[in-house]
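Novice:
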Amino acid sequence: MSEYAIEVENLVKVYHSGRRNEVRAVNGMSFRVPRGEIFGLLGPNGAGKTTILKMLNTLIHSTGGRARVLGYDVSQQPLEVRQRITVVIQETAVEMFLDARDNLLTFARFHGLHAVEARRRADVVMERFNLHSEANKKVQDLSGGYRRRVQVAKAFMVDTPVVFLDEFSTGMDPILKRAVMGYLREEASRGRTIILTTQVLSEAEELCDDILIMNKGREVARGDLHTLKLLSHGVYEVTITFEELPAAIEAYLASLEPVRMEIHQTTIEVALKAEEARVLELVAELAKKGRVLRVEISGASLEDIFVELMENK
Amino acid sequence: MAAISAILYREGKIRATNYTFLFWDLFYPLGYLLVFGVGVNEAMGGAFPSGPVDYNSFFLAGVLGMASFGIAANTSWTFFLDRDNGIFYEMLTYPMTRAEYLLGKVLFNIGIALFQAALTVALAAALLDVRIRWDLLPLLTLAVVIGTAGWFYFYAIFALKIRRNDIFNTVTSIFYFAFLFASSMFYPLEPLPAWFRWTALANPITWQVDVLRYASIGIGSPLQIVWEAAAFLLFTLGSFAYAVRSLDQQE
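Top line first, the protein sequences correspond to chains A and B. Note that the numbering used here has the first sequence beginning at 1, numbered continuously upward. Note that the numbering used here has the second sequence beginning at 314, numbered continuously upward.
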């Protein structure tokens, strides 16, 4: 049995639109994911994250290369792969005409769970996802957020060793999202491998043991958060809260050519790429522009690294 | 086997939430027999010029064929529904082969078709005095089973290939017109012009209806029935293979 949950070698996917147009959505990707890890695929829209997930979960065929899930080839042994995975696709996927409980029970039935065990688990999962009050309503009568809840809840009905989540937190409120992140960590600690894509970088920062950043179908960077931060080549994140926002501060900050800049009420957040001493000088200059209530200087966040990598590529 | 049982469970649960499907599947073709069939039969004064039986008896096989055709069209339309709900793509990641997925769906349809056929045959015998060949009941059952499967797989190809609901609806409307009227469903082929007769003989509905007619009331040439049954079986197997391929190529 393979020690890796996922093995991808030189994977290629080309989409054809019309006779001449072809799009290389995935262009020679290779990576491995050890078992029990939470692995994040990050990238801007159209980077190829979802396409990789679709190939790994046997929804589409690759154009070239190989991919294995728990040692099973996704092209040659799709059934063996499907028997070991649970997938939360990017689009909402629910049985609209069934109620929340029946959605969970039907899903469990497809995965071969005994009826008694399925009912027991459905109770636990509905409790965790706060679905009890909606248990007997048809899903078509639930809000978009609740539908997504039902969809993600299904992943916790079974114990497949690999779970794929494609932007799972879309449409989820922050409290539930935090809870689900906790559940995912629990599942990983029990040995399940979680493969997720996200555009919410704080989510990946908090959740993932290993991150692969991709763009235009290729790998841009790979590693844990610490390793990725080393790639940032001296990016510092400065947060200053003023009593009152100084006049023309936005123009001044823009003149510093920051990696990223945000202003929320009287707080500025700016990511600067400069030597440490120069950053301290700039902070001192900024502090002269108004009465400062709080200053914070930290290393680059995943978002800064991501923005910098995307701009460089 | 577990996958097929799960599909049957799912289809049953969903069908139970929509009684209009039940009406369409069970009673719509029956309405044809009891309204259209009786109307034509009476209009002809009970005398059907081109055969040894009355129109009610002749039309029974047409109604059974129409039911298979209608059930298949309805069920293949649920691919669109599932696609709109996203569940279609999630289901393709469930632990089952593409063939099991289609097989599960068709078994559910066959269940409905058999129930509908039993109801239609019983009412035809009881109310319209159609003389059923009960000794050929196993053949009739087989013809309903294979007929329903063949049309479902055929329609599934288009439902899986076509992405727009409105285009699919247009295609099914054309199919209804072309397949049903250019066949032996409503009238015998013998008095028709040669071009019409040859077109109808190339139509799988004719093959299925002729077998159903032989199996229900015993009219037709046994040799021709064997050929038509074999042709329909090939049509079913070919449609199945192509439907599985279409499902496998979903992107």
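Just so you know, even glycine gets a beta-carbon here, dropped at the ideal spot from N, CA and C. Since we're looking at a predicted model, the values are computed, not measured.
(1) Against chain A, with Cβ distances strictly below 8 Å, would Arg-323 (chain B) count as a contact?
(2) Out of A:Phe-129, A:Glu-9, A:Ala-221, A:Leu-104, state which residue places its alpha-carbon closest to the alpha-carbon of Arg-32 (chain A).
(3) Measuring only the C-alpha atoms, how far is Leu-253 (chain A) from Asn-27 (chain A)?
(4) Distance cutoff 8 Å, beta carbons only. Does Ala-412 (chain B) sit that close to anything in chain A?
(5) So, at 7 Å on beta carbons, what are the nonlocal neighbours of Ser-496 (chain B) in its own chain, with the 5 sequence-adjacent residues on each side left out?
(6) Would you please state the rounded distance, in angstroms, between the beta carbons of Ile-195 (chain A) and Phe-39 (chain A)? I believe it to be under 8 Å.
(7) When the distance is taken between beta carbons, is Glu-167 (chain A) closer than 8 Å to Gln-140 (chain A)?
(8) To the nearest angstrom, how far is the alpha carbon of Pro-408 (chain B) from that of Phe-107 (chain A)?
(9) Distance check for Ala-115 (chain A) and Val-150 (chain A), CA to CA, integer angstroms please.
(10) Helix, strand or coil: which one does DSSP assign to Glu-39 (chain A)?
(11) In terms of residues, what are the limits of the alpha helix (DSSP H) holding Leu-142 (chain A)?
(12) Which residue or residues does DSSP assign as beta-bridge partners of Tyr-15 (chain A)?
(13) Using a Cβ-Cβ cutoff of 7 Å, what residues of the region 79 to 111 of chain A are near chain B? List them in chain order.
(14) Name the chain A residues that come within less than 7 Å of Lys-326 (chain B), Cβ to Cβ?
(15) Is the beta carbon of Gly-299 (chain A) closer than 8 Å to that of Lys-229 (chain A)?
(16) Going by DSSP, name the residue or residues bridged to Phe-164 (chain A).
(17) For Asn-387 (chain B), decide whether its Cβ has a neighbour in chain A, counting only Cβ atoms nearer than 8 Å.
(18) Which residues of chain B have a Cβ atom closer than 9 Å to the Cβ of Asn-57 (chain A), listed in chain order?
(19) Could you pull out every unbroken alpha helix (DSSP H) segment of at least 4 residues lying fully inside the region 449 to 485 of chain B, listed in chain order?
(20) Can you give the Cα-Cα distance for Lys-326 (chain B) and Ile-263 (chain A), rounded to whole angstroms?
(21) Would you decide whether Gln-429 (chain B) is buried or exposed? Buried here means 16 or more other CB atoms lie within 10 Å of its CB.
(22) Would you kindly work out how many angstroms separate the C-alpha atoms of Ser-2 (chain A) and Thr-227 (chain A), rounded to a whole number?
(23) By the three-class DSSP mapping on this structure, what secondary structure does Asp-123 (chain A) have?
(24) Along the region 542 to 564 of chain B, what residues have a CB closer than 7 Å to any CB found in chain A?
(25) Check for me: the alpha helix (DSSP H) holding Met-379 (chain B) runs from which residue to which?
(26) Note down the Cα distance separating Leu-427 (chain B) from Gly-460 (chain B), rounded to an integer number of angstroms.
(27) Does the beta-carbon distance from Leu-552 (chain B) to Leu-473 (chain B) come in below 8 Å?
(28) Would you please verify whether the beta carbon of Glu-60 (chain A) is less than 8 Å from any beta carbon of chain B?
(29) Should Glu-134 (chain A) and Tyr-146 (chain A) be called a contact, given that it needs their Cβ atoms to be closer than 8 Å?
(30) Taking the continuous beta strand (DSSP E) assigned at Asp-210 (chain A), which residues delimit it?
(31) What are the boundary residues of the alpha helix (DSSP H) that includes Met-181 (chain A)?
(32) Give the straight-line distance between the Cα atoms of Ala-316 (chain B) and Arg-323 (chain B), rounded to the nearest whole angstrom.
(33) Report buried or exposed for Pro-258 (chain A), applying the criterion of at least 16 other Cβ atoms within 10 angstroms of its Cβ.
(34) Please classify Met-314 (chain B): is it buried, with 16 or more other beta-carbons within 10 angstroms of its beta-carbon, or exposed?
(35) Check for me: the alpha helix (DSSP H) holding Gly-417 (chain B) runs from which residue to which?
(36) Taking the alpha carbon of Pro-451 (chain B) as the reference point, which residue from B:Arg-411, B:Ala-528, B:Asp-442 has its own alpha carbon closest?
Specialist: The short version:
(1) Your numbering for residue 323 (chain B) matches position 10 in the second sequence. Yes - at least one Cβ of chain A is within 8 Å of the one on Arg-323 (chain B).
(2) Numbered from 1 along the first sequence, position 32 holds the residue referred to as residue 32 (chain A). Checking every option, the nearest Cα to that of Arg-32 (chain A) belongs to A:Glu-9.
(3) One-based indexing of the first sequence puts residue 253 (chain A) at position 253. One-based indexing of the first sequence puts residue 27 (chain A) at position 27. Near 38 Å, if we compare the C-alpha coordinates of Asn-27 (chain A) and Leu-253 (chain A).
(4) Sequence index remark: in the second sequence, residue 412 (chain B) carries index 99 (1-based). Judged by the 8 Å Cβ criterion, Ala-412 (chain B) is not in contact with chain A.
(5) On the second sequence, residue 496 (chain B) is found 183 positions in, with the first residue counted as 1. Non-local beta-carbon contacts of Ser-496 (chain B) in its own chain, meaning distances under 7 Å to residues more than five positions away in sequence, involve Ala-513, Asn-516, Ile-518, Thr-519, Val-522 in chain order.
(6) If you number the first sequence from 1, residue 195 (chain A) lands on position 195. If you number the first sequence from 1, residue 39 (chain A) lands on position 39. That pair is a contact at about 5 Å.
(7) In the first sequence, residue 140 (chain A) corresponds to position 140, counting from 1. In the first sequence, residue 167 (chain A) corresponds to position 167, counting from 1. Not in contact: Gln-140 (chain A) and Glu-167 (chain A) (Cβ atoms no closer than 8 Å).
(8) Against the second sequence, residue 408 (chain B) aligns to sequence position 95. Against the first sequence, residue 107 (chain A) aligns to sequence position 107. In a straight line, the C-alpha of Pro-408 (chain B) is about 11 Å away from that of Phe-107 (chain A).
(9) Counted from its first residue, the first sequence places residue 150 (chain A) at position 150. Counted from its first residue, the first sequence places residue 115 (chain A) at position 115. Distance between the alpha carbons of Val-150 (chain A) and Ala-115 (chain A) is about 19 Å.
(10) Start at 1 with the first residue of the first sequence, and residue 39 (chain A) comes out as number 39. For the record, residue 39 (chain A) in the displayed sequence is Phe; it is not Glu. Phe-39 (chain A) sits in a strand when the DSSP states are folded into three classes.
(11) Position 142 of the first sequence, counted from the start, is the residue given in the question as residue 142 (chain A). Careful: Leu-142 (chain A) lies outside any alpha helix (DSSP H) and carries neither H nor E.
(12) Numbered from its first residue, the first sequence carries residue 15 (chain A) at position 15. In the DSSP output, where bridge partners are listed per residue, Tyr-15 (chain A) has A:Val-23.
(13) Listed in sequence order: Leu-79, Arg-82, Gln-83, Ile-85, Val-87, Ile-89, Glu-91, Thr-92, Ala-93, Val-94, Glu-95, Met-96, Phe-97, Leu-98, Asp-102, Thr-106, Arg-109, Phe-110, His-111.
(14) The count along the second sequence starts at 1 and reaches residue 326 (chain B) at position 13. Going along chain A in sequence order, the residues near Lys-326 (chain B) (Cβ under 7 Å) are Leu-98, Asp-102, Thr-106.
(15) Residue numbering aside, residue 229 (chain A) sits at position 229 when the first sequence is read from its first letter. Residue numbering aside, residue 299 (chain A) sits at position 299 when the first sequence is read from its first letter. By the CB criterion at 8 Å, Lys-229 (chain A) and Gly-299 (chain A) fall inside the cutoff.
(16) Mapped onto the first sequence, residue 164 (chain A) falls at position 164. Phe-164 (chain A) is bridged to A:Val-87, A:Ile-195.
(17) For the purposes of this step, residue 387 (chain B) is taken as the residue at position 74 of the second sequence. Using a CB distance cut-off of 8 Å, Asn-387 (chain B) does not count as an interface residue toward chain A.
(18) In the first sequence, residue 57 (chain A) corresponds to position 57, counting from 1. Leu-405, Thr-406, listed in chain order.
(19) Taken in chain order, the complete alpha helix (DSSP H) segments of 4 or more residues contained in the region 449 to 485 of chain B are 450 to 474.
(20) Position 13 of the second sequence, counted from the start, is the residue given in the question as residue 326 (chain B). Position 263 of the first sequence, counted from the start, is the residue given in the question as residue 263 (chain A). In this structure, the alpha-carbon of Lys-326 (chain B) lies about 52 Å from that of Ile-263 (chain A).
(21) Sequence index remark: in the second sequence, residue 429 (chain B) carries index 116 (1-based). Buried.
(22) In the first sequence, counting from the first residue as 1, residue 2 (chain A) sits at position 2. In the first sequence, counting from the first residue as 1, residue 227 (chain A) sits at position 227. Their Cα atoms are separated by approximately 26 Å.
(23) For the purposes of this step, residue 123 (chain A) is identified with residue 123 of the first sequence, where counting begins at 1. The three-state secondary structure of Asp-123 (chain A), taken from DSSP, is helix.
(24) Close to chain A, meaning a Cβ-Cβ distance shorter than 7 Å, are the following residues of the region 542 to 564 of chain B: Glu-564.
(25) The sequence position of residue 379 (chain B) within the second sequence is 66, counting from 1. Note, Met-379 (chain B): alpha helix (DSSP H), 368 to 397.
(26) Translated into the one-based positions of the second sequence, residue 427 (chain B) becomes position 114. Translated into the one-based positions of the second sequence, residue 460 (chain B) becomes position 147. Near 11 Å, if we compare the C-alpha coordinates of Gly-460 (chain B) and Leu-427 (chain B).
(27) Within the second sequence, the letter at position 239 stands for residue 552 (chain B). Within the second sequence, the letter at position 160 stands for residue 473 (chain B). Looking at the sequence shown, residue 552 (chain B) is not Leu but Ser. Remark: C-beta atoms of Ser-552 (chain B) and Leu-473 (chain B) do not approach each other more closely than 8 Å.
(28) For the purposes of this step, residue 60 (chain A) is identified with residue 60 of the first sequence, where counting begins at 1. Per the sequence shown, the amino acid found at residue 60 (chain A) is Ile instead of Glu. Taking 8 Å as the threshold, the shortest C-beta distance from Ile-60 (chain A) to chain B falls below it.
(29) Translated into the one-based positions of the first sequence, residue 134 (chain A) becomes position 134. Translated into the one-based positions of the first sequence, residue 146 (chain A) becomes position 146. Glu-134 (chain A) places its beta carbon less than 8 Å from that of Tyr-146 (chain A).
(30) Numbered from its first residue, the first sequence carries residue 210 (chain A) at position 210. Counting along the chain, the unbroken beta strand (DSSP E) around Asp-210 (chain A) starts and ends at 210 to 215.
(31) By 1-based counting over the first sequence, the position of residue 181 (chain A) is 181. Looking at the DSSP string, the run of the alpha helix (DSSP H) that includes Met-181 (chain A) is 174 to 189.
(32) For the purposes of this step, residue 316 (chain B) is identified with residue 3 of the second sequence, where counting begins at 1. For the purposes of this step, residue 323 (chain B) is identified with residue 10 of the second sequence, where counting begins at 1. Near 10 Å, if we compare the C-alpha coordinates of Arg-323 (chain B) and Ala-316 (chain B).
(33) In the first sequence, counting from the first residue as 1, residue 258 (chain A) sits at position 258. So Pro-258 (chain A) counts as buried.
(34) One-based indexing of the second sequence puts residue 314 (chain B) at position 1. Classification of Met-314 (chain B): exposed, given that the 10 Å Cβ count is below 16.
(35) The residue you call residue 417 (chain B) lines up with position 104 of the second sequence. Looking at the DSSP string, the run of the alpha helix (DSSP H) that includes Gly-417 (chain B) is 411 to 440.
(36) Within the second sequence, the letter at position 138 stands for residue 451 (chain B). Nearest neighbour of Pro-451 (chain B) by Cα position, chosen from B:Arg-411, B:Ala-528, B:Asp-442, turns out to be B:Ala-528.
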